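Under the UniProt record's numbering, think of the first position of the sequence shown as 1, with each following residue one higher.
Glycine included, C-beta positions come from ideal geometry on N, C-alpha and C.
Computed from a predicted structure; not experimentally measured.
Below you'll find the structure, written out as structure tokens, and then a few comments.
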Amino acid sequence: MKDSRMLHENTSADCLDTVTTGTEDGAFQRKGHSTRILSPEEVERLAKDQVLVSEFKQLKLEKEAQKNWDLFYKRNSTNFFKDRHWTTREFEELKACREFADQKLTILEAGCGVGNCLFPLLEEDLNIFVYACDFSPRAVEYVKKNSLYSTERCKVFQCDLTKDDLLENIPADSVDVVTLIFVLSAIHPDKMHLVLKNIYKVLKPGKSVLFRDYGLYDHAMLRFKSGSKLGENFYVRQDGTRAYFFTEEFLSQLFKSEGYEQVVNEYVHRETVNRKEDLRVPRVFLQSKFQKPFSKT
Numbered sequence: 001m002k003d004s005r006m007l008h009e010n011t012s013a014d015c016l017d018t019v020t021t022g023t024e025d026g027a028f029q030r031k032g033h034s035t036r037i038l039s040p041e042e043v044e045r046l047a048k049d050q051v052l053v054s055e056f057k058q059l060k061l062e063k064e065a066q067k068n069w070d071l072f073y074k075r076n077s078t079n080f081f082k083d084r085h086w087t088t089r090e091f092e093e094l095k096a097c098r099e100f101a102d103q104k105l106t107i108l109e110a111g112c113g114v115g116n117c118l119f120p121l122l123e124e125d126l127n128i129f130v131y132a133c134d135f136s137p138r139a140v141e142y143v144k145k146n147s148l149y150s151t152e153r154c155k156v157f158q159c160d161l162t163k164d165d166l167l168e169n170i171p172a173d174s175v176d177v178v179t180l181i182f183v184l185s186a187i188h189p190d191k192m193h194l195v196l197k198n199i200y201k202v203l204k205p206g207k208s209v210l211f212r213d214y215g216l217y218d219h220a221m222l223r224f225k226s227g228s229k230l231g232e233n234f235y236v237r238q239d240g241t242r243a244y245f246f247t248e249e250f251l252s253q254l255f256k257s258e259g260y261e262q263v264v265n266e267y268v269h270r271e272t273v274n275r276k277e278d279l280r281v282p283r284v285f286l287q288s289k290f291q292k293p294f295s296k297t
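Below is the structure:
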């Protein structure tokens with residue numbers, strides 16, 4: 001089975017709400033609040049797949065989560081994901097959040113991997129400083145070895161966002177924008193709120209978290225074989241890494257419960273074409289913006 005993570009890259013498009021748009025790679029996407037309609041075969045397949053991975057194995061996967069991601073980067077080095085040159089097109093806030101033209105922005109990339117988002121941002125915008133962290137020590141080392149890495153422009157560090165206090169590396173209320181892109185899905189749903197609580201402490205009041213991740217009924221979710229299910233919308237890959245598929249409602253409640261205000265929260269429906277296999281692949285992502293209020297209620 002091809003790794004489903006290969007499918008989520010290179011997903012650029014104009015930021016238009018509920019309008020079908022063409023993208024630079026020939027795909028089409030639209031944004032809105034409705035989930036994807038499944039075929040009868042897909043409905044039947046999901047209905048049959050109700051057996052969960054054993055509790056023993058689930059506890060083992062949680063305990064070995066860091067090791068499994070480290071092994072992933074050991075196998076794939078920096079070659080697995082494509083550089084994300086689409087982030088500033090999908091998230092205009094990465095530029096628009098400046099209060100004046102030459103303001104130096106401070107960004108936190110929570111879950112930076114090997115720098116596929118970090119380095120395009122540093123190249124495109126010379127007036128930013130980026131804090132970047134990742135669960136995998138190996139991924140962090142790959143970032144530090146990159147020729148574009150400079151301690152004057154970024155600070156990268158290893159961090160388990162569910163338990164390591166970001167305040168040990170980042171001053172409180174100092175970050176202008178946080179990117180949380182294809183990261184939260186890899187974390188157990190019971191611990192996701194800890195990540196948002198952690199990020200909240202370093203984000204400036206009035207500033208935002210920019211989120212993009214797997215949405216309910218994404219093609220990758222439907223590709224999992226029987227025996228991969230950990231819980232509702234939660235699955236394990238063959239390499240031991242995990243993936244959660246978000247609903248709009250779940251994500252909204254998750255952020256709001258930690259004191260954030262919702263600005264935008266919608267599905268991105270995207271159809272890509274695999275010309276080699278002559279397949280049309282329906283992708284579903286959730287793309288959102290949540291703001292830290294000026295005063296916590």
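Cα-Cα separation between residue i and residue j, rounded to whole angstroms
i	j	result
Gly240	Tyr149	30 Å
Asn292	Lys225	Note that residue 292 is Lys in the sequence shown, not Asn. Roughly 39 Å separates the two Cα atoms.
Pro189	Arg212	16 Å
Pro205	Val143	29 Å
Phe285	Leu38	15 Å
Leu210	Leu203	12 Å
Val281	Gly259	36 Å
Tyr217	Leu196	24 Å
Arg45	Lys229	13 Å
Ser295	Lys163	25 Å
Thr151	Thr106	14 Å
Glu64	Ser54	15 Å
Arg283	Gln29	9 Å
Pro40	Met221	16 Å
Glu141	Leu71	13 Å
Leu16	Arg36	Confidence is the limiting factor: at Leu16 the pLDDT is only 31, short of 50, which leaves the residue's position unreliable, though a coordinate-based value still follows. If I take the Cα positions, the gap works out to 18 Å.
Glu277	Arg75	26 Å
Assigned exposure category for residue i - 16 Cβ within 10 Å defines buried
i	result
Gly32	exposed
Ala110	buried
Ser257	exposed
Val51	exposed
Phe56	exposed
Val236	buried
Ser288	buried
Gly227	exposed
Phe100	exposed
Arg275	exposed
Val263	exposed
Leu94	buried
Residue from the options whose Cα sits closest to the Cα of residue i
i	options	result
Phe245	Tyr267, Glu261 and Lys256	Tyr267
Asn146	Gly113, Asp125, Val178 and Pro171	Gly113
Asp173	Leu184, Gln238 and Lys207	Lys207
Gly215	Tyr200, Leu196 and Val183	Val183
Leu108	Ile128, Phe100, Glu92 and Tyr217	Ile128
Glu92	Val177, Arg36 and Asn233	Val177
Arg223	Gln29, Ser34, Val43 and Phe28	Val43
Gln66	Met221, Asp49 and Pro137	Pro137
Thr179	Ala47, Asp278 and Gly115	Gly115
His219	Glu232, Arg98, Leu279 and Gln238	Leu279
Glu62	Phe234, Lys48 and Arg98	Phe234
Val175	Gln238, Glu124 and Cys97	Cys97
Residue j beta carbon less than 8 Å from that of residue i
i	j	result
Met192	Leu254	yes
Leu118	Cys154	yes
Ala139	Tyr200	no
Leu161	Asn198	yes
Trp69	Phe157	no
Phe290	Glu261	yes
Ala243	Ala186	yes
Any non-hydrogen atom of the ligand COA closer than 7 Å to residue i Cβ
i	result
Arg242	This structure lacks the ligand COA, and indeed carries no ligand of any kind.
>> Across the segment 268–286 and the segment 150–170, are there enough close Cβ pairs to call them in contact, namely three or more that are closer than 8 Å?
In response: no
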